[in-house]
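Chains as they are written, first to last, in our numbering: chain A, 1 to 250; chain B, 1001 to 1267. Have a look at the structure below, then the notes.
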């Protein structure tokens, strides 16, 4: 079982590592966001908050964003596997659907985690610093849980999709709102009730808040509450994914 | 001879369309069984059900003594399949594709390299094992898929139109590999093809399916005799008619009636 999961994981990592264009290309957006928002809104944020540094606020949000996008993409890759026929090869093998789900989730989560670490490194170049070594450790845990949850979500969606036609819809009506309303870019205080409500049911909210809390010591809900929420959500989505995956037909 | 594959009243319905309608047949261990039919007759749907890719609406399938619906993993370990469309990972090398397969089929680690080497040598791809599959030609990909299907020593090998789109040299090479596998290892071969002369040359037993029903079974001689024809192709055309079929099955007027079914039936 471990070996089956390992080979599924390894395949995804090899594919990721070999597409250097994707690796480099996916760094452009977080970098742009950090430069444009960080330096653009920085002075405004400092004035409004009485001198706080916007980069400290923004960096965990951008790290979360890059993990979110990479994780969902990795999950949705199953749709490509389906279209290029490779999914069948895996599905007719004498292995359980749960093994496939676990292997793919861990593979996607690892890739998203690597991507998150690279972006995290970029934030260091732009002047961001974690509070301490322990807070860094807790931060890594949050990054991994965000990666796990959203890969699971991508896979769950992919198990219900036949082709990439619905991709734009998922991007614009699910992933983008998840990102923009998660508190990655701005504090969630004093928002209109409707927006506030959405942000509270947004899973990434707890990931961002937890990561920010872990790295900078400032969080809205408390780091351990965030941890509990994101852990529970990850367990939930992986279970749902495994159930849907068990019914998948090539 | 015992049966390696046994199918009883197998049925697949997509909404109100019946793609496979209560078919039954047996395949003897060690034989080469050709499953023929026009486009959309139900061949691929049947193979998908036999190989656990699709769930039947009704019916029983036994492979190597295992119930395909209830003992899925045992049944899956007993067969190899070369699908009609490609199912390789282009971004991996040939060898990596083989290793992936060996691992998910739980081939013991000690035997893995040896078995992969043998399989790749059979299809003449050992020297190209380190190349990415995306650099392969269509024929090489097909050969690699056949090699891959051999790594876990299947008792029965399903080949869904294995030679479609290949040049005569490659087709000849592939059939000679398949024949060798059948003769030397006693591997049962279940194949579909549109090339009647290929079926004629290789199959011990033939079944012809049309509109989801098996309309003829027997050896080549029996079928030719029964239909009073010289060749299998003539018998086939007499049995299935001379209308040109839609790619997705059924004569085109019926397709129109079925409307929205078109998209669903592709998978």
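Beta carbons are placed, not taken as given, at the ideal position from N, Cα and C, and that holds for glycine. Please read these numbers as outputs of a predicted model, since none were measured by experiment.
Item to complete: Go through the stretch 1026 to 1074 of chain B residue by residue and report every complete run of the alpha helix (DSSP H) that reaches 4 residues or more, in order.
Response: 1043 to 1050, all fully within the stretch 1026 to 1074 of chain B.
Worksheet item: To the nearest angstrom, how far is it from the Cα of residue 1073/B to the Cα of residue 62/A?
Response: 44 Å
Worksheet entry | Opening and closing residue of the alpha helix (DSSP H) in which residue 73/A lies | 54 to 83
Fill in: Closer than 9 Å to chain A by CB, residue 1035/B
At least 9 Å separates the CB of residue 1035/B from every CB of chain A.
Worksheet entry | Top-ranked residue by Cα proximity to residue 1202/B, from 1212/B, 1223/B, 1123/B, 1032/B | With distances taken between Cα atoms, residue 1202/B lies closest to 1032/B.
Worksheet item: For residue 1100/B, which of 36/A, 79/A, 11/A, 155/A has the nearest alpha-carbon?
Response: 11/A
Discussion item. Cutting at 6 Å between CB atoms, please list the residues of its own chain near residue 1261/B, excluding the five before and the five after it.
Written reply: Confidence at residue 1261/B is low in this model, with a pLDDT of 44, below 50, so the placement of that residue should be treated as unreliable; the coordinate-derived value is given next. Cβ within range, chain order: 1017.
Fill in: Straight-line gap, residue 1086/B to residue 86/A (C-alpha atoms, nearest Å)
8 Å
Worksheet item: Just reading off the beta strand (DSSP E) that residue 1083/B is part of, what are its end residues?
Response: Neither: residue 1083/B is in no beta strand (DSSP E) and is coded neither H nor E.
Discussion item. Counting only Cβ-Cβ distances shorter than 9 Å, please list the residues of the stretch 70 to 98 of chain A near chain D, keeping chain order.
Written reply: The displayed structure is made up of protein chains A and B, and chain D is not among them.
Discussion item. Please identify, using Cβ separations under 9 Å, the residues of the stretch 1034 to 1057 of chain B that lie next to chain A, in order along the chain.
Written reply: 1048, 1051, 1052, 1053, 1054, 1055
Practice prompt. Give a yes or no on contact between the stretch 1236 to 1244 of chain B and the stretch 1033 to 1042 of chain B, applying the rule of three or more CB pairs nearer than 8 Å.
Written response: yes
Item to complete: Output, in chain order, the set of chain A residues within a Cβ distance shorter than 9 Å of residue 1116/B.
Response: Residues of chain A passing the Cβ test: none, with the nearest at roughly 13 Å.
Fill in: Span separating the alpha-carbon of residue 183/A from that of residue 239/A
Answer to the nearest angstrom: the Cα atoms are 27 Å apart.
Discussion item. What residue range does the alpha helix (DSSP H) around residue 242/A cover?
Written reply: 223 to 245
Practice prompt. Output yes if chain B places a C-beta closer than 9 Å to the C-beta of residue 104/A; else output no.
Written response: no
Worksheet item: Count the other CB atoms within 10 Å of the CB of residue 1171/B; is the residue buried (16 or more) or exposed (fewer)?
Response: buried
Worksheet item: So is residue 190/A buried or exposed if we call it buried at 16+ other beta carbons inside 10 Å?
Response: exposed
Discussion item. Does residue 1264/B come out as helix, strand or coil in the three-state DSSP assignment?
Written reply: Because the pLDDT at residue 1264/B is just 45, under 50, the model does not fix this residue reliably, and the value given afterwards should be weighed accordingly. Looking at residue 1264/B - three-state DSSP - the assignment turns out to be helix.
Practice prompt. List the residues that DSSP assigns as beta-bridge partners of residue 1205/B.
Written response: 1033/B
Worksheet item: Any C-beta of chain B sitting closer than 9 Å to the C-beta of residue 26/A?
Response: no
Item to complete: Just the chain A side, please: which residues come within less than 7 Å of residue 1113/B by C-beta, in chain order?
Response: The premise fails here: residue 1113/B is roughly 15 Å from chain A at the closest Cβ pair, so nothing lies under 7 Å.
Worksheet item: Beta carbon of residue 971/B, beta carbon of residue 1010/B: below 9 Å?
Response: Coverage of chain B is limited to positions 1001 through 1267, which leaves residue 971/B absent and any answer about it impossible.
Discussion item. Count Cβ pairs between the stretch 1182 to 1196 of chain B and the stretch 1152 to 1163 of chain B that sit closer than 8 Å; are there 3 or more?
Written reply: yes
Worksheet item: What residues are listed by DSSP as bridge partners for residue 1006/B?
Response: DSSP, once it has assigned bridges, lists 1026/B, 1062/B as partnering residue 1006/B.
Worksheet item: residue 22/A touches chain B at which residues, Cβ-Cβ below 7 Å?
Response: What residue 22/A touches in chain B: nothing, since even the nearest Cβ is about 11 Å away.
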